[in-house]
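Single-structure report; data block below.
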Amino acid sequence: MSDHLARARAFIDILPHSRALGMRLDQFGDGQAVLSLPYDARLVGDPATGVLHGGAISALIDTASGAAVMAHASAPASTATLDLRIDYMRPATPGRTVTAHAHCYHVTRTVAFVRVTATDDDSGRPVATGVAAFTLTGQANVP
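Numbering-wise (our numbering), the sequence shown opens with residue 2 and increments by one.
Here it is in C-alpha cells:
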C-alpha cells in the first residue's frame with residue numbers, strides 16, 4: 002500500500018463519524034477519491050420509505066471531498082471544509098450503497114476546490130451533487 006493511500010485510509014478511519022457510518026475508501030489518487038456508504042437501517046431518515054437521511058449523504062460527500070484534497074499532488078498535511086454546497090437530486094434507493102466520486106480540480110496556496118457526485122446503483126441519476134472549498138495547511142508541492 003502506498004504511503005499516500007495509507008494516509009488516506011488513516012484519514013477516513015480516524016474520523017469517528019466515518020467509522021460510525023461505515024464509510025469505505027474505494028479509490029484514491031490523482032486528486033480523486035471514491036467513498037462508499039453501505040445501506041444501514043440505523044441511518045434511515047424516513048422509516049416509512051427506508052430512505053437514508055440526508056445528513057448521512059452530506060457526511061459522505063464532505064468526507065469524500067476532503068479525501069480528494071488529500072489525494073491531490075499538493076498532499077496537504079491537513080485540510081478542513083471552508084464551504085460545502087449540496088444539491089439533493091432524488092432519494093437514495095433504499096437498501097443500496099451510496100457512492101461519492103470526488104475530484105479536486107483546482108488548488109491555490111491556501112484553498113482547494115472539489116466537485117463531487119453521489120450515486121446509488123442508478124449511476125445515470127445522481128442522488129446528490131456538490132461543490133466544496135477546503136483549507137490547505139502544511140502542503141508540500143503547491144506553487
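Heads up, the beta-carbon is just placed ideally off N, CA and C, and yes, glycines get one too.
### Query
Should A68 and L26 be called a contact, given that it needs their Cβ atoms to be closer than 9 Å?
Cβ distance < 9 Å, so A68 and L26 count as in contact.
### Query
Mind checking whether D88 and A129 have CB atoms under 9 Å apart?
Cβ distance < 9 Å, so D88 and A129 count as in contact.
### Proximity winner among D31, D14 and D47, relative to P95 (alpha-carbon distances)
With distances taken between Cα atoms, P95 lies closest to D47.
### Task
Ignoring anything shorter than 4 residues or poking outside the region 17-104, list the alpha helix (DSSP H) runs there in chain order.
Those alpha helix (DSSP H) runs which fall completely within the region 17-104 and span 4+ residues are 17-22 and 55-71.
### Task
Leaving out five residues on either side along the sequence, give the residues of the same chain with a beta carbon under 8 Å from the beta carbon of I58.
Within the same chain, I58 has close Cβ partners L38, I87, Y89, A93, V99, A119, V128 and A129.
### Query
So who's on the other strand from R116, going by DSSP bridges?
Bridge pairing for R116: H104 and V132 [DSSP].
### Query
How many angstroms separate the CA atom of T50 from the CA atom of Q33?
Those two C-alpha atoms are separated by around 32 Å.
### Message
Using a Cβ-Cβ cutoff of less than 6 Å, which residues in the same chain neighbour A113 once the five nearest sequence positions on both sides are dropped?
### Response
V70, C105, F135 and L137.
### Query
Would S79 pass as a contact of G139 if the rule is Cβ separation under 9 Å?
It is a contact, given that the beta carbons lie within the stated cut-off.
#### Entry: Euclidean distance between Cα positions of N142 and G55
Residue placement at N142 cannot be trusted, given a pLDDT of 48 that sits under 50; the coordinates are not used to answer.
### Query
Going by the CB atoms, is the gap between A11 and D84 shorter than 9 Å?
Taking 9 Å as the Cβ cut-off, D84 and A11 do not qualify as a contacting pair.
### Query
Between Y20 and A7, what straight-line distance do the alpha-carbon atoms span, to the nearest angstrom?
A small fix is needed here, since residue 20 is Arg in this sequence, not Tyr. Cα to Cα, R20 sits roughly 16 Å from A7.
### Query
How would you call S1, buried or exposed, if buried means at least 16 neighbouring beta carbons within 10 angstroms?
Examination of residue 1 is not possible in this model, given that the chain is present from 2 through 144 alone.
### Message
Output needed for S66: all residues of its chain with C-beta closer than 6 Å, excluding positions within five of it in sequence on either side, in chain order.
### Response
If we look at S66 and ignore the five residues flanking it on each side, its Cβ neighbours are A103, V115, V117 and A133.
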